[in-house]
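Following: one structure in structure tokens, then a few remarks.
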Ligand SMILES: [Zn+2]
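Residue numbers (my numbering): 62 to 224.
Below you can see the structure in the form of structure tokens.
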């Protein structure tokens, strides 16, 4: 379960998408579909077993999150949608955020939260690392949830902002 201790820099439009993404992340984290995918995943760059990864991400997470306009040169050299600071704060890239769907923001939040939890990856191609794997699985399960015919009421608001 992810909660934000401190949210800074977001406009009201940006913060409403952030809240939708956080709700989505928390629905995904407790879903059987997500648990099954995580427990069946072969993670690299960690000594933790899938059960240990699942146990660790099932703990309550309290993170600080902020959004910044990146320096111009970063647009050309990096695909990063966010990064995490030494003090455990997650920082999102405003330009990338503006183009992301709610499931993609959910992916970014979980990816950066994994860094806060101590998981690393070697490169941006490191798809079997915990941050990339959980991000991708979160996005997949999110998209499945949102495309099912019977969208639950608590998800309707998310679908409508995800057009
Ligand atoms: Zn990363």
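Beta carbons are placed, not taken as given, at the ideal position from N, Cα and C, and that holds for glycine. Source: prediction; values computed, not measured.
A direct Cα-Cα distance of roughly 21 Å separates residue 123 from residue 96. Taken atom to atom, the span from the alpha-carbon of residue 91 to that of residue 83 is near 13 Å. In the three-state DSSP reduction, residue 129 falls in the strand class (E or B). The C-beta distance from residue 120 to residue 164 rounds to 23 Å, too long to fall under 8 Å, and the pair is not in contact.
Taken from the Cβ of residue 131, every heavy atom of ligand 1 lies 7 Å or farther away. Residue 166 carries a helical assignment under DSSP once its states are collapsed to helix, strand and coil. For residue 192, the CB falls within less than 7 Å of some heavy atom of ligand 1. In this structure, the straight-line span from the alpha carbon of residue 176 to that of residue 145 is close to 7 Å. Between residue 187 and residue 180, the C-beta gap is not smaller than 8 Å, which leaves the two residues out of contact.
Partner residues in the beta bridge of residue 65, as assigned by DSSP, are 124.
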